[in-house]
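Down below is the structure, laid out as structure tokens.
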Amino acid sequence: MLDIVELSRLQFALTAMYHFLFVPLTLGMAFLLAIMETVYVLSGKQIYKDMTKFWGKLFGINFALGVATGLTMEFQFGTNWSYYSHYVGDIFGAPLAIEGLMAFFLESTFVGLFFFGWDRLGKVQHMAVTWLVALGSNLSALWILVANGWMQNPYRIGLQLRNHAYGDGQLL
863 MLDIVELSRL QFALTAMYHF LFVPLTLGMA FLLAIMETVY VLSGKQIYKD MTKFWGKLFG
923 INFALGVATG LTMEFQFGTN WSYYSHYVGD IFGAPLAIEG LMAFFLESTF VGLFFFGWDR
983 LGKVQHMAVT WLVALGSNLS ALWILVANGW MQNPYRIGLQ LRNHAYGDGQ LL
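Per our numbering, residue 863 is the first one in the sequence shown, and the count goes up by one each step.
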């Protein structure tokens, strides 16, 4: 029989596994969309606009699934790993907050403009929106990697747990 810690690890591992299927595809597809639309704007060939719209639909589905699994993972930090969040929240929470407030809002706003701005924006404006989607998604990934990098090597953290001092990456 699995105890609560093992079940929490299993739940988080499954969520992370599905999330990591969508994120790399979203990051790569955002730049491909931007490149395809740039070629459309520079050349004027309709095929590149059609390609951007087609792959944009797949990007939208992938983006929505990535957001759903990413938010689930973030809530699991607070529910499954609340003691961890309590001890390292001041350090670990900062890059996550920056990611949410800066990069994710930038990305989400311009994803909406990408989908609903085809007939409302000019060609160059829409191309700029697509590049901002690519920038926002990769900025989001940057801040998540900063937080993950700190989790892998929690350097210069000093915790006092049950009369034992942990520091300089010795938390584990």
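Just so you know, even glycine gets a beta-carbon here, dropped at the ideal spot from N, CA and C.
N- and C-terminal bounds of the alpha helix (DSSP H) containing residue i
i: W1012; result: K985 to Q1014
i: E936; result: Q908 to T941
i: L879; result: Reading the sequence as shown, one finds Met at residue 879 and not Leu. Note, M879: alpha helix (DSSP H), I866 to S905.
i: L958; result: S944 to I960
i: I972; result: The residue you asked about is not Ile; residue 972 is Phe in the sequence shown. F972 -> alpha helix (DSSP H) spans F967 to F978.
7 angstroms Cβ cutoff met for residue i and residue j
i: G928; j: T971; result: no
i: E961; j: I1006; result: yes
i: F874; j: Q938; result: yes
i: S870; j: N942; result: yes
i: V991; j: F977; result: no
i: S999; j: A930; result: no
Proximity winner among the options, relative to residue i (alpha-carbon distances)
i: A926; options: I909, M879, G951 and G974; result: G974
i: G932; options: F884, R871, V995 and Q987; result: F884
i: L895; options: G1011, S944, F916 and K907; result: F916
i: L983; options: V903, G1011 and G951; result: V903
i: A959; options: G922, D865 and L1004; result: L1004
i: N924; options: P886, W993 and L864; result: P886
Cβ-Cβ separation, residue j to residue i (assumed contact under 8 angstroms), whole Å
i: F954; j: A1009; result: 6 angstroms
i: V995; j: E969; result: 6 angstroms
i: M964; j: E899; result: Not really, about 24 angstroms apart at Cβ, beyond 8 angstroms.
i: T914; j: T877; result: About 31 angstroms; that fails the 8 angstroms criterion.
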